[in-house]
Amino acid sequence: MTLRTLESLGSLAGRTVIVRCDLNVPLADGEITDDGRVRASLPTINALTSQGARVVVISHLGRPDGASDPRYSLAPVAERLGELLGSPVTFATDTVGDAAKDAVASLADGGIVVLENLRFNPEETSKSDEERAAFAAKLAAFGDAFVSDGFGVVHRKQASVYELAKALPSAAGLLIVAELDVLDRLTGNPERPYTVVLGGSKVSDKLGVIGHLLPRVNTLLIGGGMLFTFLKAQGFEVGSSLLERDQVETVRGYLQKAQELGVELILPTDVVVASKFGGDAEHEVRPVSSIEDTPWGASGLGLDIGPDTAAKFAEIIRESVTVFWNGPMGVFELEPFAAGTKQIALALTETRGLSVVGGGDSAAAVRALGFDDDQFGHISTGGGASLEFLEGKTLPGLEVLGWQS
Ligand code: ADP
Ligand code: MG
23 MTLRTLESLG SLAGRTVIVR CDLNVPLADG EITDDGRVRA SLPTINALTS QGARVVVISH
83 LGRPDGASDP RYSLAPVAER LGELLGSPVT FATDTVGDAA KDAVASLADG GIVVLENLRF
143 NPEETSKSDE ERAAFAAKLA AFGDAFVSDG FGVVHRKQAS VYELAKALPS AAGLLIVAEL
203 DVLDRLTGNP ERPYTVVLGG SKVSDKLGVI GHLLPRVNTL LIGGGMLFTF LKAQGFEVGS
263 SLLERDQVET VRGYLQKAQE LGVELILPTD VVVASKFGGD AEHEVRPVSS IEDTPWGASG
323 LGLDIGPDTA AKFAEIIRES VTVFWNGPMG VFELEPFAAG TKQIALALTE TRGLSVVGGG
383 DSAAAVRALG FDDDQFGHIS TGGGASLEFL EGKTLPGLEV LGWQS
């Protein structure tokens, strides 16, 4: 690993250090439903404050439209951070405005301020290099050094991830180092059999990685929203289930390639079909050959893998020595459609080798279903980032910290 680490920044006592965290936690009615990402940010923040650094924490939350939006305020996250650290954390109600300037100027040695959501500023994610650089320069003016620790965003070329790292002496934080330690084991020469389980709803994002993963894995298990694009590619009708029509051809190519490579690409044989999207929906288990053969016909929605599929996937996972899982198998947030995800999570806790869970919703799912983090080899804070890393892509947010793959 060639990453620049905290030590490379020298003594930070009395210096102001900007830390990019990924505090993009799931919220329901303003309450944090899974604070895993806040917890994951603690080691780096503690390492800095214990040296007497003044810490400025920056993060995004959700996808506000480049404008201030109270639903995506980091205020509750700052509060939780203070509780978890057991020390005061101030919150600035803007990102680079007067509130932020005042809060940073009032920091004492060892003090911590959280600035408001980076994405309230359209420049953070602007397509224009100049705009991003200009925004990064405003952030850089707050500090003497930059620590990048938001693993979930290192695959994004965004101002606080990429340009800011160029604008100041910069290094990777402890979370990024820990994440890469594990993911490196999955890319080098993973112990076999190596199984990757994919699900979730960011279908087009994730379909792209399959082509790259195929040559590296022994078995690929497909669940979640993307399974319907695969079933369609095999000629099945999928009712009103999530479907990316323009990806059907690509997926057909993956099925072909898997066969050529001798990779087992396994699709569900049964799914839970519902009358509508909702916890009170009527639902029944259908074989994939007759998803539309229900009381709701083509308006039926596939919202989970069925019990036969879950049992088969679980058996394969238990027999694997390396497992990477990204993306819930169904709409786990709704109790009737959580069983598939729960079975898969349980199987991961039972493998004899390395089990890794990646993805914000996947991590939230295993915690919501009652599992403990330490039942898994590793729970990654990054979904897209970990997938792109496993693909062997160069991630801009790591490259800028000296990483060479
Ligand atoms: P991660 O954050 O772990 O990378 P994603 O963001 O891709 O995962 O997907 C998580 C979401 O996928 C969950 O909110 C879940 O409800 C949804 N999901 C899973 N299966 C389905 C399905 N069959 N139809 C619609 N949504 C689904
Ligand atoms: Mg997600």
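Numbered according to my numbering, the sequence shown spans residues 23 to 427.
Note that CB positions come from ideal geometry on N, CA and C, so glycine has one too.
Which value, in whole angstroms, describes the spacing of the CA atoms of residue i and residue j?
i      : j      : result
Ala333 : Ala158 : 49 Å
Ser109 : Pro48  : 23 Å
Thr217 : Leu190 : 40 Å
Ser384 : Leu129 : 36 Å
Phe168 : Thr112 : 19 Å
Ala387 : Glu355 : 8 Å
Asp330 : Glu138 : 47 Å
Lys254 : Glu413 : 25 Å
Thr416 : Phe173 : 14 Å
Glu286 : Ile232 : 13 Å
Arg85  : Arg93  : 10 Å
Asp315 : Asp268 : 25 Å
Gly328 : Thr291 : 8 Å
Val307 : Leu325 : 10 Å
Gly221 : Phe250 : 11 Å
Ser402 : Glu201 : 6 Å
Arg207 : Leu107 : 31 Å
Gly245 : Ala163 : 46 Å
Arg274 : Ser226 : 14 Å
Thr55  : Phe346 : 24 Å
Ser223 : Ala360 : 14 Å
Val199 : Asp394 : 22 Å
Gly247 : Lys228 : 10 Å
Gly319 : Ser312 : 9 Å
Glu101 : Thr344 : 37 Å
Ser170 : Glu146 : 15 Å
Using three-state DSSP, classify residue i as helix, strand or coil.
i      : result
Phe258 : coil
Asn348 : strand
Ser182 : helix
Asp51  : coil
Pro13  : The displayed coordinates of the chain run from 23 to 427. Any statement about residue 13 would go beyond what the structure contains.
Pro237 : helix
Phe113 : strand
Phe164 : coil
Ser64  : Inspection of the sequence shows that residue 64 is occupied by Leu rather than by Ser. In the structure shown, Leu64 sits in a helix (DSSP, three-state: H, G or I).
Leu137 : strand
Gly324 : strand
Thr24  : coil
Ile313 : coil
Ser297 : coil
Leu31  : helix
Leu129 : coil
Val169 : strand
Glu153 : helix
Arg37  : coil
Glu304 : coil
Leu253 : helix
Val175 : helix
Ala360 : coil
Arg42  : strand
Ala121 : helix
Ser7   : It is not possible to answer for residue 7, since the shown part of the chain is limited to 23 through 427.
Ser223 : coil
Ala89  : coil
Lys415 : coil
Val231 : helix
Output the boundary residues of the beta strand (DSSP E) element that contains residue i.
i      : result
Phe411 : Not the beta strand (DSSP E): Phe411 falls in the alpha helix (DSSP H), residues Gly406 to Leu412.
Glu201 : Careful: Glu201 lies outside any beta strand (DSSP E), inside the alpha helix (DSSP H) at Leu196 to Thr209.
Tyr94  : Neither: Tyr94 is in no beta strand (DSSP E) and is coded neither H nor E.
Arg76  : Arg76 to Ile80
Leu283 : Element bounds for Leu283: not the beta strand (DSSP E) but the alpha helix (DSSP H), Val270 to Leu283.
Leu420 : From DSSP, Leu420 is part of no beta strand (DSSP E) but of the alpha helix (DSSP H) over Pro418 to Glu421.
Leu220 : Tyr216 to Leu220
Go to residue i, then tell me how far its alpha helix (DSSP H) extends in each direction, as first and last residue.
i      : result
Ala187 : Leu186 to Ala189
Leu243 : Run containing Leu243: none in the alpha helix (DSSP H); it sits in the beta strand (DSSP E), Thr241 to Ile244.
Leu103 : Ala97 to Leu107
Ile339 : Pro329 to Arg340
Pro144 : From DSSP, Pro144 is part of no alpha helix (DSSP H); its letter is neither H nor E.
Within the 9 Å Cβ cut-off, does residue i reach chain D?
i      : result
Asn143 : No chain D is present in this structure, which holds just one protein chain.
Distance cut 5 Å, beta-carbon to the ligand MG heavy atom: residue list by chain order | Gly382 and Asp383
Alpha helix (DSSP H) segments (min. 4 residues) lying fully within the stretch 363-411 = 382-390
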